[in-house]
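To keep things clear, I will list the structure first and then write my remarks on it.
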Amino acid sequence: MIRTEELLLNVGPQHPSTHGVFRIIVKLDGEVITDATPVMGYLHRGTEKLAENLNYTQIIPYTDRMDYVSAMTNNYVLCHAVETMMGLQIPERAEFLRLIVMELQRVASHLVWWGTYLLDIGAMSPFLYAFRDREIIINLFNELCGARLTYNYMRVGGVKWDAPDGWIDKVSEFIPYMESKLEEYDRLVSGNEIFLARIKGIGVYDAETAVSYGLSGANLRCTGLNWDLRKTEPYSLYDRFAFDVPVGRTGDCYDRYRIRLEEIRQSLRILRQAVEQFPEGGETMGKVPRVIRPPEGEVYVRIESPRGEIGCHIVSKGKAEPYRLKFRRPSFVNLQILPKLLIGETMTNLITILGGIDIVVGEVDC
Amino acid sequence: MSEEEKPGGTLPEEEETMQPSPQQADLDEAVSLLCSRVHDEAVAEAYLNEMNGGMPVLIIRSEHWLEAARMFRSEPALGCDYLRNLSGVDYETYMETVYHLLSMSTGKQYAVKVRTDRDNPSIPSVTAVWPAANWNEREVYDLLGIDFPGHPDLRRIMMPDDWAGHPLRKDYEPLDPEV
Amino acid sequence: MGDLLREPLTWGHALIFAAAAILLMGIVLGFVTYAIYFERKVIGWMQLRVGPNRVGPFGLLQTVADVLKLLLKEDTIPRKADRVLFVLAPVLAFVPAFAVLAVIPYTQSLYFADLNVGVLYYVALSGISTLAIVLGGWASNNKYALLGGMRSAAQMISYEVPLVISIVGTVMLSGSMNLRTIVEAQSGGWFWNWHFLPQFIGFGVFMIAAVSELNRTPFDLPEAESELVAGYHVEYSGFRFAFFMLTEYVYVYAIAALTTVLFLGGWHAPAPFLAVVPGLIWFILKFACIVFFLFWLRATFPRVRVDQLMGFGWKVLLPLAIVNVFVTAGYIELFIKH
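Chains as they are written, first to last, in numbering that gives the first Met the number 0: chain A, 0 to 365; chain B, 0 to 178; chain C, 0 to 337.
Right under this line is the structure:
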């Protein structure tokens, strides 16, 4: 008698394609997954606990380290929450700078995703192309705030540093450059038959499932829902700019891929308008009390990070430190659908689907 | 039940904040639906959170929460199909979980709070209503020790499985031997 | 060489053969060293990098340093591994890789074994390396290695068939399985006499199946570093790992040489007026183009999925190869015989 057995395979926490220390325990029947259990927490640093003993300015560097691929949007969500509580007015120049860095960050984040996703699928070259172009953004940020990854740039009430002379010009030079490079990306990858065969029709779910699982960002929009917080619940200055929200139809990995590439284009469109309207002079810090003490109460604010809806829920007791600070991390919530998508897929599709969700483990574990 | 009174303005020239805010109507509707469909005393408190742009907040009694959650999801007038956020808060005298709900079709938002006893915290799980609650509830269980009866797989998610204590509790002793 | 082979074996001849074998091995090792260097450089340029440039002038000694490192590394054998098979697998992979080189003719006079069944000898021996990969994957007692080994077995079996059948057309046209005769059949002065044009279906199928046999991108599923970490050789370190790497590159050499012989006219010049250039140079040029083609693929393609690989092998390549055989038979029957 031939007896077959399921193979219990531990993917991660050290695995090249789990994007950090994420781990999935899969049961394999041949190469087909019959059960998947995600395990996380390897990068849990207790940000929320640490924040309870820090004042709001001190928390900002911790947000950099949550979604370390998109630190600017994390900075923003915390500052935005505190500003909402205190009813602060942000000087226009500061708000423009914030918007510009957030959109640059979205481009940079999607570039990292694009490169690593193709690396997961087995193509090595696009990764280096993406990082070449991301490097320009990183250098722009470096010039602005002296850091390449963890910027600690925004403050409650404004931004820490004004743009140096000529910085805005460099941003406007970057926009046409990146647009031409996007065409190169499309020529290089988007039509490749093997690539399309690998991602089309993989990891499909419908809009209802996406909503019930609380998915956000490209993971939600790929099902055809037009839901971008920059449009539906505008924050910052997004209601001043014209841009489109790309949506998919089928809800597969290919749609998520197209949406992210198109979002880079739309971000560049926003950037072009923002650079044109950038105010000449003005303050970069609003009138903020010396010690930031939001009044007693609670607030939940949310913005559209490259990965989806990042939210910040603050409970304040009127002290300089938050009583409770909770981040709604898009990677964490988006990842919940993973086990459902994996059943019946092959080991290879595991990587395709996981990469398509676009997680950053620093954010999953917080 | 106490509802925050809003000064009602009649003249259109007056500032917008003086108008009865549209959220007040949402809140009233939710409260009346909950009271009539779920239980007379399902809602312990309801008010608008002015700080958060007038977000309607409902405090729902834990024993009626699961039924209320089903209604929030299925009742077309509420239609909260999207669970944005689920946080747990330790208020030292009691525990609380906050659900930020959203209706994708109408854009209506609600913050629902459910309070529970601190010594033996337990709140019915809403994973069956919103699958998005699954890991969030595990996280709250892990970090605050709130039990969620009805959860399909209530295990620690962030901390190691053999960890003692729940770190986000206010009385948690941070100096573990491991630290 | 041919005359020596036909004469009775004496001690002197044996010494010459041994010296020639060692010389060939030296050439092959040199090729492997610089193929790796070349691959890293070429892919580096394609990927906007500079490639190795630290060890020696232009990084020329990089591979030497890497090999030294591998030889000096600790040789670990997992405790639960099947020791005998674990040790045997790299050897078993390596020996056939070198053995197949015996039948490759480089020029009219420079060849080693003049086998009548050269094609069959090549295909049969190269199949043994599959066995070694499966053994290595099994003996490592590692799940990733096992999956890699099984993938490799499935892939090799699926692609060996179209590979062999794609050669049949060439064999029919030249009427021999002797690789030298096949090259002779492609003479005629012009490049359109080479088999890759009349046998374009066979050539296409052969190239695809060959890339798959080599486990190179886009068919590098047994290794698939983004899924199976490193596949069958995940537990191998030091010189055992070096043997697997060496095998892979020796097969690159072998496949490039075989393609040149079967389809690209071996040592023949592409045009009569170019025949002044020695045949060996033409051979090396054609050979280098194939090697470059393999490296080029690696820099530009993503990896296919297992089921797609199998489907492609059985549903596309195999029927195409068989059609090619029938078309060739019909062509010979109608145009050549009469």
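For glycine and all other residues, C-beta sits at the position ideal for the given N, C-alpha and C.
Could you name the residues that DSSP lists as bridge partners for residue i?
i        : result
A:Leu7   : A:Lys26
A:Ile302 : A:Ile309
B:Asp118 : Its beta-bridge partners do not exist; DSSP assigns none.
A:Asp34  : A:Lys26
C:Gly147 : DSSP output for C:Gly147 lists no bridge partner at all.
B:Leu85  : B:Tyr98
A:Thr345 : A:Val31
A:Met153 : A:Val158
B:Gln108 : B:Leu101
B:Ala45  : B:Leu57
Please name the residue in the options whose C-alpha comes closest to that of residue i.
i        : options                                : result
A:Leu270 : A:Asp251, A:Met84, A:Ile136            : A:Ile136
C:Asn140 : C:Leu279, C:Val54, C:Pro271, C:Val83   : C:Val83
A:Arg264 : A:Phe242, A:Asp251, A:Asp254           : A:Phe242
A:Ala217 : A:Glu303, A:Lys339, A:Thr46, A:Thr56   : A:Glu303
C:Leu28  : C:Ala96, C:Val54, C:Arg39, C:Trp10     : C:Ala96
B:Glu74  : B:Lys107, B:Lys169, B:His150, B:Glu172 : B:Lys107
A:Val363 : A:Gln272, A:Met346, A:Thr46, A:Phe240  : A:Thr46
C:Gln332 : C:Val260, C:Ala18, C:Leu172, C:Lys142  : Inspection of the sequence shows that residue 332 of chain C is occupied by Glu rather than by Gln. The residue with the shortest Cα to Cα distance from C:Glu332 is C:Leu172.
C:Lys40  : C:Phe30, C:Phe57, C:Ile26              : C:Phe57
C:Val31  : C:Val49, C:Gly310, C:Gln61             : C:Gln61
A:Asn9   : A:Met123, A:Phe173, A:Val170, A:Met346 : A:Met346
C:Glu247 : C:Asp219, C:Val260, C:Pro271           : C:Asp219
A:Glu232 : B:Thr105, B:Trp129, B:Val42            : B:Thr105
C:Gly264 : C:Arg179, C:His12, C:Met309, C:Asp306  : C:Arg179
A:Arg97  : A:Ile193, A:Glu183, A:Met284, A:Leu340 : A:Met284
A:Thr149 : A:Glu297, A:Glu207, A:Thr72            : A:Thr72
A:Glu142 : A:Asp132, A:Lys169, A:Tyr116           : A:Lys169
A:Tyr256 : A:Ile313, A:Leu228, A:Asn225, A:Phe194 : A:Phe194
A:Leu6   : C:Tyr143, C:Val322, C:Trp295           : C:Tyr143
A:Arg259 : A:Val359, A:Trp112, A:Gly213, A:Asp132 : A:Trp112
A:Met39  : A:Val203, A:Thr17, A:Thr115            : A:Thr17
B:Met94  : B:His63, B:Asp116, B:Val139, B:Arg83   : B:Asp116
Look at the Cβ atom of residue i, then the Cβ atom of residue j, and state whether they are nearer than 8 Å.
i        : j        : result
C:Phe85  : C:His194 : no
A:Ile198 : A:Thr33  : no
C:Ile378 : C:Val326 : Examination of residue 378 of chain C is not possible in this model, given that chain C is present from 0 through 337 alone.
A:Arg306 : A:Asn348 : no
C:Thr129 : C:Met149 : no
C:Pro217 : C:Tyr231 : no
A:Ile342 : A:Val274 : no
A:Cys221 : A:Gly190 : no
A:Leu118 : C:Leu47  : no
C:Leu257 : C:Glu212 : no
B:Ser102 : B:Gly53  : no
A:His109 : A:Glu262 : yes
C:Ala253 : C:Val66  : no
B:Ser121 : B:Ala132 : no
A:Glu308 : A:Ser215 : yes
A:Tyr41  : A:Val20  : yes
A:Met177 : A:Leu267 : yes
B:Met157 : B:Asp141 : yes
A:Leu324 : A:Ile313 : yes
State the CB to CB distance for the pair residue i and residue j, rounded to an integer number of angstroms; the pair is presumed to be in contact (CB under 8 Å).
i        : j        : result
C:Leu293 : C:Val210 : 7 Å
B:Ile59  : B:Val128 : Not a contact, Cβ separation roughly 13 Å.
B:Leu77  : B:Tyr98  : Between B:Tyr98 and B:Leu77 the Cβ distance is about 13 Å, and since that is not below 8 Å, they are no contact.
C:Val99  : C:Leu124 : 5 Å
A:Lys48  : B:Pro159 : Wrong, their Cβ atoms sit about 15 Å apart, outside the cutoff.
B:Trp134 : A:Phe240 : Actually they do not touch by this definition, with Cβ atoms about 34 Å apart.
C:Ser236 : C:Thr75  : 5 Å
request  = Report yes or no: do three or more beta-carbon pairs, one from the region 279 to 295 of chain A and one from the region 87 to 103 of chain A, lie closer than 8 Å?
outcome  = yes
ask   = Does the count of Cβ pairs from the region 71 to 84 of chain A and the region 141 to 153 of chain A closer than 8 Å reach three?
value = yes
ask   = Can you find at least 3 beta carbon pairs, one from the region 89 to 96 of chain B and one from the region 36 to 50 of chain B, that sit closer than 8 Å?
value = no
message = By the 8 Å beta-carbon criterion, what residues does the region 99 to 122 of chain B contribute toward chain F?
response = Of the protein chains in the structure, A, B and C, none is chain F.
query = Does the pairing of the region 16 to 28 of chain C with the region 277 to 286 of chain C give three or more beta-carbon distances under 8 Å?
reply = no
message = Could you check whether the region 198 to 206 of chain C touches the region 280 to 287 of chain C, counting it as contact only if at least three pairs of C-beta atoms, one from each stretch, sit closer than 8 Å?
response = no
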